[in-house]
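Those protein sequence lines, which keep their order, are chains A and B. Here this note's numbering is used: the first residue of the first sequence is 20, the next is one more, and so on. Here this note's numbering is used: the first residue of the second sequence is 53, the next is one more, and so on. Quick reminder that beta carbons are idealized off the backbone N, C-alpha and C, glycines included. Let me begin by presenting the structure, written as structure tokens, before commenting on it.
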Amino acid sequence: MDFRTALSLALPFGLALAAIGSGIGLGKAVAAAMEAMGRQPEAAGKIQTGMIIGAALIEALTIYALVAFFILQGRIQ
Amino acid sequence: MTRLFHSIWVPLATVASSGDGHEPAASSGAPELPNIITILSGYFPGQTWAQFLHHWENVIYAFIVAIGLSLLCFFATRRATMLPGRLQNLLEMAVEGLDNFIGGILGPHGRRFTPFLGTLFLYIWCMNLFGLIPGMMSPTGGKNGINTTIALAVCVFFYVQYAGIRHMGVWGYIDHMMGTPRSVIQWVLVPLNLPIHLIGELAKPMSLSLRLFGNITGEDVLLAAFVMLGISATAFLHVPVGLPLHLPFIFLALLTGTIQALVFTLLSTVYFSMMLSEHEGH
């Protein structure tokens with residue numbers, strides 16, 4: 020198996036693993052935000068802002084995996 | 053006419069395409085929507101000015117966005133009145149919203165950073181949304197978009213360090229980097245704390261730039277992939293139109309463009325507050 024086959028097999032799996040991780044993390048974060056909003060509806064604006072920012076930070080780790088995917092995908096040829 | 057046709061559709065080359073060989077810029081393989089400069093460089097292959105424009109396309113689009121924003125602000129503040137017209141009112145709403153947002157994090161003394169951080173937000177927001185205009189490309193996305201985002205992150209990094217040094221003095225800054233050792237145990241831990249803080253400070257602009265670049269490039273690649281899908285859906289008709297399958301992803305790109313601009317600005321504000329929080333109450 021040469022490196023092209025290995026990369027083509029491994030890259031989507033790596034990206035999928037990163038996506039699983041961020042899916043779990045985002046699910047927990049948004050669930051906590053929803054619960055907090057349900058407890059105190061008048062603070063919903065601030066909670067929503069914090070949730071969006073936390074979601075972007077958690078998503079960033081998956082984006083790092085995507086960037087690595089782009090870089091390595093160019094080297095398959 | 054076929055040369056123009058090819059110069060528009062060929063830049064959508066991917067690894068899996070039939071490989072027309074006109075397109076030298078598909079080296080990374082990720083599909084990208086064509087913009088005016090790539091169309092020009094495909095229509096005049098080998099011309100020096102077309103290749104020059106294509107080489108500097110990020111900078112050209114960033115300049116277009118910057119000049120557009122400057123003209124907007126110039127025309128809004130030309131005859132500033134106490135009862136503002138629509139454009140001035142819109143800009144005043146934006147500036148006041150940003151001022152309150154940044155003042156909420158940095159405190160009333162932090163409002164002097166509002167010009168830098170507010171400009172950062174507006175500029176990154178406009179750059180992200182600029183790629184959705186047909187024929188334009190967002191300077192933060194695409195193959196060389198990492199340059200623009202690294203430039204922005206490096207600006208933030210140097211300004212944060214400079215603000216820290218000016219606020220705390222050089223010795224106070226080094227003290228902050230060592231973790232403000234006050235007891236013997238903390239002095240012993242300085243050789244551990246100092247590299248950790250330094251690497252943490254260096255990791256901040258890296259994460260800022262990679263996050264913004266990855267999000268916007270991912271959105272652009274998603275759009276290009278769905279445009280190609282839409283074109284190949286009606287390919288049997290041999291007409292250069294396709295189904296607009298990428299429409300939901302334009303809305304997603306609007307959302308992520310806004311959110312990423314907000315996250316960049318918010319994280320820069322938080323880095324400022326972390327650097328300046330040391331000697332506030334002393």
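Using 10 angstroms around the beta-carbon of B/Pro165, count the other beta-carbons present and answer buried if the total reaches 16, otherwise exposed.
Within the second sequence, residue 165 of chain B is the residue found at index 113, counting from 1. Checking the sequence, you will find Phe at residue 165 of chain B rather than Pro. Result: buried.
Taking the alpha helix (DSSP H) that A/Gln96 belongs to, which residues open and close that run?
On the first sequence, position 77 is the one that residue 96 of chain A refers to. Taken as a continuous stretch (DSSP letters only), A/Gln96 belongs to no alpha helix (DSSP H), as it is neither H nor E.
If you run the structure through DSSP and keep just helix, strand and coil, what is B/Gln99?
Position 47 of the second sequence, counted from the start, is the residue given in the question as residue 99 of chain B. The answer is coil: DSSP assigns B/Gln99 none of H, G, I, E or B.
Measuring only between beta-carbons, confirm whether B/Asn267 sits less than 7 angstroms from chain A.
The count along the second sequence starts at 1 and reaches residue 267 of chain B at position 215. Judged by the 7 angstroms Cβ criterion, B/Asn267 is in contact with chain A.
If we count the other Cβ atoms within 10 Å of its Cβ and call it buried at 16 or more, is B/Val117 buried or exposed?
By one-based count along the second sequence, residue 117 of chain B stands at place 65. Buried is the call here.
Since B/Gly197 contacts B/Phe104 with CB under 8 angstroms, what's their CB separation in whole angstroms?
Against the second sequence, residue 197 of chain B aligns to sequence position 145. Against the second sequence, residue 104 of chain B aligns to sequence position 52. Incorrect: roughly 19 angstroms between the Cβ atoms, too far for contact.
By Cβ distance, which residues of its chain are closer than 8 angstroms to B/Arg163, with the 5 residues on each side in sequence left out?
The count along the second sequence starts at 1 and reaches residue 163 of chain B at position 111. For B/Arg163, where only same-chain residues beyond five positions count, the Cβ hits under 8 angstroms are Asp151, Ile154 and Gly155.
Name the chain A residues that come within less than 7 angstroms of B/Leu318, Cβ to Cβ?
Locating residue 318 of chain B in the second sequence gives position 266, counting from the first residue. The contacting residues are Ile72.
Starting from A/Gln67, find everything on chain B with Cβ-Cβ shorter than 9 angstroms and list it in chain order.
Walking along the first sequence from the start, residue 67 of chain A turns up at place 48. Residues of chain B passing the Cβ test: none, with the nearest at roughly 12 angstroms.
Using DSSP with H/G/I as helix, E/B as strand and the rest coil, what is A/Ala52?
Locating residue 52 of chain A in the first sequence gives position 33, where the first residue counts as 1. Reduced to three states, the DSSP call for A/Ala52 is helix.
Counting beta carbon pairs with one atom in the region 202-217 of chain B and one in the region 94-111 of chain B, are three or more of them shorter than 8 angstroms?
No: the two stretches stay apart, fewer than three of their Cβ pairs being nearer than 8 angstroms.
Could you work out which residues of chain B lie near A/Val86, taking near to mean beta carbons separated by less than 8 angstroms?
Position 67 of the first sequence, counted from the start, is the residue given in the question as residue 86 of chain A. Those within 8 angstroms of A/Val86 in chain B are Leu262, Phe265, Gly266 and Thr269.
Ends of the alpha helix (DSSP H) at B/Ile226?
For this step, residue 226 of chain B is matched to residue 174 along the second sequence. Per DSSP, B/Ile226 belongs to the alpha helix (DSSP H) from Gly197 to Met229.
In whole angstroms, what separates the C-alpha of B/Ser235 from that of B/Glu253?
Taking the first residue of the second sequence as position 1, residue 235 of chain B is located at position 183. Taking the first residue of the second sequence as position 1, residue 253 of chain B is located at position 201. Distance between the alpha carbons of B/Ser235 and B/Glu253 is about 24 angstroms.
Looking at C-alpha atoms only, which residue of B/Phe126, B/Arg130, B/Ile226 and B/Ala114 is the closest neighbour of B/Met189?
The sequence position of residue 189 of chain B within the second sequence is 137, counting from 1. Of the listed residues, the one whose Cα sits closest to B/Met189 is B/Ala114.
Thinking B/Met179 and B/Pro191 are a contact (beta carbons under 8 angstroms), I'd like their distance in whole angstroms, please.
The residue labelled residue 179 of chain B in the question sits at position 127 within the second sequence. The residue labelled residue 191 of chain B in the question sits at position 139 within the second sequence. Right, their Cβ atoms sit about 5 angstroms apart.
Take B/Leu306 and list the residues in its own chain whose beta-carbon comes closer than 8 angstroms to its own, dropping the five residues that flank it on each side.
Counting from one through the second sequence, the residue named residue 306 of chain B turns up at place 254. So the list reads Leu181 and Leu184, once near-sequence residues are dropped.
Comparing the C-beta of B/Ile311 with each C-beta of chain A, is any distance below 7 angstroms?
For the purposes of this step, residue 311 of chain B is taken as the residue at position 259 of the second sequence. Yes, B/Ile311 lies at the interface with chain A (some Cβ there is under 7 angstroms from its Cβ).
Which residues of the region 192-217 of chain B have a Cβ closer than 7 angstroms to any Cβ of chain A? Give them in chain order.
Residues: none.
What does the Cβ neighbour count give for B/His228, buried or exposed, with the cut at 16 atoms within 10 Å?
Taking the first residue of the second sequence as 1, we reach residue 228 of chain B at position 176. Answer is buried; the Cβ neighbour count reaches 16.
Between B/Phe173 and B/Thr308, which are expected to be in contact by the criterion C-beta below 8 angstroms, what is the C-beta distance as a whole number of angstroms?
The residue given as residue 173 of chain B occupies position 121 in the second sequence. The residue given as residue 308 of chain B occupies position 256 in the second sequence. Not confirmed; about 15 angstroms, so no contact.
Out of curiosity, what's the CA-to-CA distance linking A/Ile72 and A/Phe22?
As a working note, residue 72 of chain A is residue 53 in the first sequence. As a working note, residue 22 of chain A is residue 3 in the first sequence. For A/Ile72 and A/Phe22, the distance between alpha carbons rounds to 38 angstroms.
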